[in-house]
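Colleague: This note's numbering numbers the first residue of the sequence shown as 2 and each following residue consecutively.
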Amino acid sequence: MHKLFFKTRSGFSLLEVLIYVTLFSFISAMTLNIMFQTVSAFNNLRISRDINDSSVKIMERLTRDIKSATSIDQVNSNFNASPGQLTLQTVNKAGVALTVQYAMVGDALHLFEGADPGSLVDQGSLLSSQTSVSGVLFNFISMGSAEAIKIDLHITASRGKITDTDHFYDTVIARGSY
Numbered sequence: 002m003h004k005l006f007f008k009t010r011s012g013f014s015l016l017e018v019l020i021y022v023t024l025f026s027f028i029s030a031m032t033l034n035i036m037f038q039t040v041s042a043f044n045n046l047r048i049s050r051d052i053n054d055s056s057v058k059i060m061e062r063l064t065r066d067i068k069s070a071t072s073i074d075q076v077n078s079n080f081n082a083s084p085g086q087l088t089l090q091t092v093n094k095a096g097v098a099l100t101v102q103y104a105m106v107g108d109a110l111h112l113f114e115g116a117d118p119g120s121l122v123d124q125g126s127l128l129s130s131q132t133s134v135s136g137v138l139f140n141f142i143s144m145g146s147a148e149a150i151k152i153d154l155h156i157t158a159s160r161g162k163i164t165d166t167d168h169f170y171d172t173v174i175a176r177g178s179y
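1) Taking CB distances under 8 Å as the criterion, tell me whether A98 reaches chain D.
2) For the stretch 88-130, list the beta strand (DSSP E) runs that are entirely contained and at least 3 residues long, ordered along the chain.
3) Okay, do the stretch 101-111 and the stretch 165-174 touch, 3+ Cβ pairs below 8 Å being the bar?
4) Buried or exposed: V22, going by 16 or more other Cβ atoms within 10 Å of its Cβ?
5) Looking only at its chain, what residues have a beta carbon closer than 7 Å to the beta carbon of D66, apart from the 5 residues adjacent to it on each side?
6) Residues bridged to G12 by DSSP?
7) Rounded to the nearest angstrom, what separates L138 and V97 at their Cα positions?
8) Could you tell me the distance, in whole angstroms, from the CA atom of L121 to the CA atom of S159?
9) Put T157 into one of helix, strand or coil per three-state DSSP.
10) Flag this pair as yes or no: are the beta carbons of I52 and T132 separated by less than 8 Å?
11) Over the uninterrupted beta strand (DSSP E) stretch that includes G136, give me the two end residues.
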């Protein structure tokens, strides 16, 4: 009988509800902010990876071809201007003369190969699908009997609203020139 006179208090007061809603809103906002920052960091990482993959592929191929070139074709190359074009005279594994050319097609750097500069066949782009070349410049350097090429490459990648451009430089001496 004593229990009937004393009712237990259940539910929340208005002040408690306001405090809980405010606390929940703050925690939700912080969680969403952390999620957006994580997605942004992941996209930046993917862009950096795309740019680095393309730059490694292009620079390694250019370096290998310039080093193995028997001569640098100055007539069919476009030096000190963007977009640059580089034409090399080399030999393939069988010892047959081969012309290799690097040229811009749209916003991609393409590789062309053939027996002579008039019969070059497009071998395709050296870039990944997520990247583009925003500039390429080849500079011819003559040092007496040695010849070299200075490469200035600008690669851009985008994912969503995030865009990044990196610059890559290299100077390669043609082994056939010294």
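Yeah, the Cβ is synthetic: ideal placement off N, Cα and C, and Gly gets one too.
Quick caveat: nothing in here was measured; it's all calculated off a predicted structure.
Modeller: So, from the listed chains and residues:
1) Although the question refers to chain D, the structure presented lacks it and comprises just one protein chain.
2) If one requires a minimum length of 3 residues, the beta strand (DSSP E) runs lying completely within the stretch 88-130 are 98-106, 109-115 and 122-126, in chain order.
3) Segments in contact, no.
4) When all chains shown are included, V22 counts as exposed.
5) Once the five neighbours on either side are set aside, the close Cβ partners of D66 are L89, T91 and V101.
6) Its beta-bridge partners do not exist; DSSP assigns none.
7) If I take the Cα positions, the gap works out to 29 Å.
8) Approximately 31 Å, taken between the alpha carbons.
9) Three-state result, T157: strand.
10) Result yes, Cβ atoms of I52 and T132 sit closer than 8 Å.
11) Membership of G136 in the beta strand (DSSP E) is indicated by the continuous run T132 to M144.
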